[in-house]
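**Q** Under the UniProt record's numbering, think of the first position of the sequence shown as 1, with each following residue one higher.
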Amino acid sequence: MLKFYQSPDLRVLADKLIEIECNQINNVFSRSTIVVPNLATRDWLEQRIARHVGISAHTDYPFWIEFERSLIEKVYEQLVPQAGASDFPLSDAVMRWTVFAYLNNHLDNILDDPNHPLFLTLQFLITTREKSHVTQRLWTYAKETARIFTAYLQMRPEWLSQWSRGKGGCLEDFLSPSITLPSWLIEHYRQVLVAQQFLWQVCFSEAYLKREKMFDIFSQAAQTQNLPKVVVPQRLFIFGVFSLNASILNFLEILSSDIEVYLFHHSLSNEYFSDIVDNHWLRSLPFAKQEEYSSGHPLVSRFGKTQRDIQRLLMQREWSENIEYLPFQPAKSDSLLSRLHADIRYMREEATLGAEPLLSVEDDSLRIHACHGLLRQLEVLRGELVRWLNADSERKLSDILVVMPNPDQYQDMIRSVFPANSDYDGYYLPARITGISTPEAENLWQSVVGIYTLWNSTFDSQTVCDWLLLKDTCAAYGISHEAMQSICEKLIAAGFRRGFDQQHLQSQIDHQDDDDRYTFLYALDRLVAAYTMPDAEIFNDEVVPAEPLSSNDLSALQVLCQFAMDIREAQTQLQQESPALEWIEKLKERLETQFSYAVNTSGYQSIVHLLRDLKYQLGERITLPLPFDFVLNTISDRLSSQQPSSEPSGVITIGRLSALQGLPYKLIVFLNADADVFPSRTYDKRYNLIEISTPRPGDNHREQDELGAFLALIVNAQESCWIFYNAVDPVDNEARLPAAPVHTLIEYLTEQLGHQKFIITHESDPFHPDSNAAHPAPLWYKVQKTRLEFQNKSSSQWVEIPFIANRLEWANSVQQQQGIPRQTQNFSQLLTAILKPASTYLKNKNINLLKNTASPVTIEPLELDGLENWQINQRLLSTLDDTQKYNHFLREPYLPMNQFGQAYGKQQREHLNERREKLLEMSHASGLTKTEPQQIHFENWVLNAELPISPDKPWINLSVSKAKSYHLVRFRLHHLLWQYSGAYQESIWGFSDKENPIILPAKTKQQAQSELQEWLAIWQILQEYPWIVPIELLWEVVKKPELIDKKIVDWLKMRRPNEDYKGIYIYDDKGAWNLLFKGYREEELQSILGASINQHSDLILPFLEDKILD
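1. Go through its chain and collect everything with a Cβ distance to Y984's Cβ below 6 angstroms, but skip five positions before and after it.
2. Hey, out of V528, E542 and Q571, whose CA is closest to S550's CA?
3. Classify D674 as buried or exposed, calling it buried when 16 or more other Cβ atoms lie within 10 Å of its own Cβ.
4. Ignore the nearest five residues each way along the sequence and tell me which others in P896's own chain have a CB closer than 7 angstroms to its CB.
5. By Cβ distance, which residues of its chain are closer than 6 angstroms to I1093, with the 5 residues on each side in sequence left out?
6. Among all the DSSP beta bridges, which residues are the ones paired with K962?
7. Is there contact here, the region 607-617 with the region 557-564, by at least three beta-carbon pairs under 8 angstroms?
8. May I have the straight-line CA-CA distance separating K1078 from D9, to the nearest angstrom?
9. Could you pull the DSSP bridge partners for Q934 from this structure?
10. Check whether the Cβ of I55 lies closer than 8 angstroms to any Cβ atom in chain B.
11. Can you tell me whether DSSP reads F595 as helix, strand or coil?
12. Report the CB separation of G982 from P951 in whole angstroms; it is logged as a contact under 8 angstroms.
13. Do the region 243-259 and the region 153-171 make contact, defined as three or more Cβ pairs closer than 8 angstroms?
14. Whole angstroms is fine: what's the gap from Y980's alpha carbon to Q1009's?
15. Quick check on the DSSP output: the alpha helix (DSSP H) that includes Q78 runs from which residue to which?
16. Does the Cβ-Cβ distance between V36 and Y61 come in under 8 angstroms?
17. Enumerate in chain order the residues of its own chain whose CB-to-CB distance from I692 is below 8 angstroms, with the five nearest sequence positions on each side excluded.
18. Got a sec? Which residues, its chain only, sit under 6 angstroms from R312 by beta carbon, not counting five neighbours each side?
19. Can you tell which of S257, A709 and E592 has its C-alpha closest to the C-alpha of L2?
20. For a test of the three-state rule: what should DSSP assign to A805, helix, strand or coil?
21. Kindly list the residues whose CB is nearer than 7 angstroms to the CB of R875, restricted to its own chain and excluding five residues on each side of it in sequence; keep chain order.
22. Once you ignore the five residues that flank K588 on each side, which residues in its own chain have a CB closer than 6 angstroms to its CB?
23. What residue ranges within the region 362-444 form continuous beta strand (DSSP E) runs of no fewer than 3 residues, ordered along the chain?
24. Given a threshold of 16 other Cβ atoms within 10 Å of its Cβ, counted over all protein chains shown, does C22 qualify as buried or as exposed?
25. Do you know how far the Cα of L1022 is from the Cα of N848?
26. If you draw a straight line from the alpha carbon of D425 to that of N406, how long is it in whole angstroms?
27. Taking only three categories from DSSP, how would you classify F204?
28. Please work out which residues of its chain come closer than 6 angstroms, Cβ to Cβ, to Q756, disregarding the five sequence neighbours upstream and downstream, and give them in chain order.
29. Contact between the region 705-721 and the region 663-671 is defined here as three or more beta-carbon pairs at a separation below 8 angstroms; is this criterion met?
30. Is P954 closer than 8 angstroms to E946 when the C-beta atoms are compared?
31. Let me check understanding here. Comparing Cα to Cα, which of N726, G655 and I652 lies closest to D676?
32. For Y1061, collect the residues of the same chain with a Cβ closer than 8 angstroms to its Cβ; drop the 5 residues on either side in sequence, then sort them by chain order.
33. Pop quiz: I217 and Y76 are said to be a contact at Cβ under 8 angstroms. What is the actual Cβ separation, rounded to whole angstroms?
34. Would I433 and I654 be called neighbours here (beta carbons separated by less than 8 angstroms)?
35. For the alpha helix (DSSP H) that C721 lies in, which residues bound it at each end?
36. Given this structure, state the Cα-to-Cα distance separating L454 from L444, to the nearest angstrom.
Written as structure tokens, this is what we have:
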């Protein structure tokens, strides 16, 4: 018996199913089988049954393909037990691997035989015999071929039946009479047909013929009512059907000969509409031709092809008389959405949207929101949800469904706006994302396979450290995240840039490059040497120890050593080509041994289930060797696409449009309805013969399925339906169009209503009041209020920054008010604080600036920037008189790669030596002055500084820096501190951009003390007040006081972020200055800077006296 039930209301269909099931249950322990279209429908139906009956148990909810295959196999095993089941299911993954394995193992024979059926296809695909290129192209072709074969299994099984029996046929047998193709495209499809016929025959014909034999036995048993009751359900329910094809109906017709089959069709309407045509297509016909067709309701004609096909299939089989049409629940109120529902369900060509009585412009049942980016859509949605919930006390969070085309790509953004604790903007709106793979499963999988994927990557420092810092990687190695982060920082500091070892690096660059100083293994050797022999200058004439490690680093260092051993083992495995089953077993073994701590987590169980499913699908058939990376790619794709759960969540449900299709909710929201993401782009159709064959009702097209899901979204929203799209791209601020279906809906509503008041345009951010939005959330309300108060406040109301002429009095005042102790200070760090006054002040006030953290450098240096060049020269200075130390330096990761680096180091060392000799000749000295750390008691200060050992000779020093203002200030203040300590000698320093050295005369202790007091007072002032005296600007103005206004303007231009203006180099952080100057106009800043420079220019005057300025 085959019985059909049809209704536009899924709730009515569910209630009918429950009624039939309850009335026919004879044994409470008997099992029921309900075939469902997706996980969401399964969970929704299971919950509804539990609410009506009190419990939902002993019920199986398979998907159709799974149910049909397993039922046929079970019946076959019962009726023909000696034959066994099918070798393997013809699934997409199995067919992909089978095709790839065949092509990979027969490639040479195919390309050497011009008469081979696959010769032309592979000749076009394979442009070079390079292994990685070949395997990648073959894998892509195998993936596309498997996808097409899967479509043939569902929609053109008779083709595969003929091919399996060696009956290929010619292309003309496949071409639709209504299609006209150019000759070159006909030849292309002819070659496609030959290639696909051959691949199917050699790879799958045996399995398909056995599958047909199994079906014939099943069909005969069903038609004679001899199906084994032990494996066949007494009744079968097929619920919430969205699509049907001839193969499914054939199977149901055969099965219904022996058991009761109930099909519950979720239709758009109970009316007849199978004869309507696409309204867009109809308009393209001549006017006389248009009268021959009916377009019905415009939205149904445009988006309802799948539903029309189902009616046509039923009409072809004359089953329409067996359909029982169930009523639908009427709308509770008159609204724009309820009128649209009625027009669609009754298939009215004359719409009632604009009929009397006219609807209120405040009607929010159907709205389209135009926003600036997805983040803004989510923020607007929160406010709209609060207003909607507050409008009716019976509304609950679980009444809200939010769908998107691709929520998995934006789940981080969604979770940030709808966090688990709901603490975002002051509103409590808990939500759950369903229907996508869990981050726990994906993160665990990345940790499991990373040991293999890293070897096939560039093995750069960022990728390696990112993998090591994964939560599951740290747990597998038994180390804390903090310890792993610390050892990764030390690994990068030891020189790791790219490549596991020299051999691995040579695979990415020239094979003659043998410089391994920037590889992982050399950096690890440096860390090991630093721990085991920290005092050694070099180990084994190769490894220069890194900076010494502490005992706390030992466990982390052992982890890195274990990681290196794991990589070696993975390398050995990857060099082998094994059958896919062996690779799966290796992954399973690694998961169970290294990650057993996670055995009770959902992520672990998802991966285990996936590996078990793949192993079952493969069976023992695929024994051909496969590259491991392609096995990994397949598993990763399946993991990211599997849906562990799509059930309604009890709070706000957020999920994929296709996964939650057909479910009734009071409010349904469609986010990110943009033209570039919806409908999804279709696959390449050049290899799909269905595209050129005569169309059949039930043919599956992804675009049509998504259009049908969009129409179902509108129809199943019981009270309200909101659609959000990006009217303006937030990146380039350019206008954008909505998705084509949304545009069609807008045109239809505009035509019927005569206005577009249903479109709501929102502000670009939540910081401005939005007249089209509900009352803003508490957070945004406070922000908007603060902005308004700020705009109404004139700049004159701001507290002026104090500028006091006498720095010492100012510093003493701060000391007395705050009681800040003068403690031991590193003199060099203290000078840095003085020379960067804006950053120092903000730091003292616990104000942290957001900085763009640079990513680790992932390639070995081929040239040096200014800072790297300075660091190299600084290190080379200490090797001028020590050849062995210089040779050790060449093994450290500082110079550029290979011969160029060595030549550059030699050239720079010779240049430094020439500068040193010239400096010594001009100063009449035999060598540079040796220094040592010293403690100087200066008044209440204790200053630690690097000063000359002997106070009886001039301080001769060679600097690799340029004679910039900040370097000269450091030079002079170090000289003054030395003079204060008891020396009365000159300081003679050579700078890299000066032909002659700079000489500072000897100073008395009193002179040095007086000048040092003025500079150290600045540090004291910065503990409480900002010091608006940029040292570089002060320096430039004192040199040329007549240009003070121009210099200030130049400096203010340079402080702007990303300013290309070439002027004064700003030594301090631009962000710090900009934060201090926030709220001031440019003319006010010019006045402030001019006043402060005039007040404190006396700091630089001694530099003029000593002829440091030129």
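Where a beta carbon is used, it is the ideal one built from N, C-alpha and C, also for glycine.
**A** Let me lay it out:
1. As a position in the sequence shown, residue 984 is number 984, starting the count at 1. Same-chain partners within the cutoff: A1002.
2. Taking the first residue of the sequence shown as position 1, residue 550 is located at position 550. Of the candidates V528, E542 and Q571, the one whose C-alpha sits nearest the C-alpha of S550 is V528.
3. In the sequence shown, counting from the first residue as 1, residue 674 sits at position 674. Per the 10 Å Cβ criterion, buried.
4. Against the sequence shown, residue 896 aligns to sequence position 896. Correct list, in chain order: P861, L862, E863, L864 and Y904.
5. Translated into the one-based positions of the sequence shown, residue 1093 becomes position 1093. Around I1093: L1034 and V1037.
6. On the sequence shown, position 962 is the one that residue 962 refers to. Answer by DSSP bridge pairing: none, since K962 is not bridged.
7. no
8. By 1-based counting over the sequence shown, the position of residue 1078 is 1078. By 1-based counting over the sequence shown, the position of residue 9 is 9. The straight-line gap from Cα to Cα measures roughly 59 angstroms.
9. Along the sequence shown, read from residue 1 onward, the residue named residue 934 stands at position 934. In the DSSP output, where bridge partners are listed per residue, Q934 has A945.
10. Of the protein chains in this structure there is only one, and it is not chain B.
11. Translated into positions along the sequence shown, residue 595 becomes position 595. Of the three classes helix, strand and coil, the one that applies to F595 here is coil, per DSSP.
12. Here residue 982 refers to the residue found at position 982 when the sequence shown is read from its first residue. Here residue 951 refers to the residue found at position 951 when the sequence shown is read from its first residue. Sure, about 5 angstroms apart at Cβ, within 8 angstroms.
13. yes
14. The sequence position of residue 980 within the sequence shown is 980, counting from 1. The sequence position of residue 1009 within the sequence shown is 1009, counting from 1. The alpha-carbon atoms of Y980 and Q1009 are separated by roughly 6 angstroms.
15. Position 78 of the sequence shown, counting from 1, holds the residue named residue 78. Q78 -> alpha helix (DSSP H) spans W64 to L79.
16. Indexing the sequence shown from 1 puts residue 36 at position 36. Indexing the sequence shown from 1 puts residue 61 at position 61. Closer than 8 angstroms, so yes.
17. Along the sequence shown, one-based indexing puts residue 692 at 692. Excluding positions up to five away in sequence, the list reads F174, L175, S176, I179, L181 and Y189.
18. The residue you call residue 312 lines up with position 312 of the sequence shown. Counting only Cβ-Cβ distances below 6 angstroms, and skipping sequence neighbours, we find S274 and P697.
19. In the sequence shown, counting from the first residue as 1, residue 2 sits at position 2. Nearest C-alpha to L2: S257.
20. As a first step, residue 805 must be located in the sequence shown, where it is residue number 805. Note on A805: pLDDT 48, under 50, position unreliable in the model; the coordinate value appears next. It is coil, neither helix nor strand.
21. Locating residue 875 in the sequence shown gives position 875, where the first residue counts as 1. The answer, listed in chain order, is F889 and Y894.
22. Numbered from its first residue, the sequence shown carries residue 588 at position 588. Cβ neighbours of K588 beyond the five flanking positions: L611.
23. 366-371, 400-404 and 431-433
24. The residue you call residue 22 lines up with position 22 of the sequence shown. Its Cβ having fewer than 16 others within 10 Å, C22 is exposed.
25. Here the question's residue 848 lines up with position 848 in the sequence shown. Here the question's residue 1022 lines up with position 1022 in the sequence shown. Looking at the two C-alpha atoms, the distance is approximately 16 angstroms.
26. The sequence position of residue 425 within the sequence shown is 425, counting from 1. The sequence position of residue 406 within the sequence shown is 406, counting from 1. If I take the Cα positions, the gap works out to 25 angstroms.
27. The residue you call residue 204 lines up with position 204 of the sequence shown. In this structure, F204 counts as coil in the three-state DSSP scheme.
28. If you number the sequence shown from 1, residue 756 lands on position 756. Taken in chain order, the residues that qualify are T750.
29. yes
30. Here the question's residue 946 lines up with position 946 in the sequence shown. Here the question's residue 954 lines up with position 954 in the sequence shown. No. Outside cutoff.
31. Taking the first residue of the sequence shown as position 1, residue 676 is located at position 676. Looking at the Cα atoms, N726 is the closest of the given residues.
32. The residue you call residue 1061 lines up with position 1061 of the sequence shown. At Y1061 the pLDDT is 48, less than 50, meaning the model places this residue with poor confidence and gives no usable figure here.
33. Here residue 217 refers to the residue found at position 217 when the sequence shown is read from its first residue. Here residue 76 refers to the residue found at position 76 when the sequence shown is read from its first residue. At roughly 6 angstroms, the Cβ-Cβ gap stays under 8 angstroms, so I217 and Y76 are in contact.
34. The residue you call residue 433 lines up with position 433 of the sequence shown. The residue you call residue 654 lines up with position 654 of the sequence shown. Contact flag set, yes.
35. The count along the sequence shown starts at 1 and reaches residue 721 at position 721. Looking at the DSSP string, C721 is not in any alpha helix (DSSP H); the run it does join, the beta strand (DSSP E), is A717 to N726.
36. As a working mapping, residue 454 is identified with position 454 in the sequence shown. As a working mapping, residue 444 is identified with position 444 in the sequence shown. Distance between the alpha carbons of L454 and L444 is about 15 angstroms.
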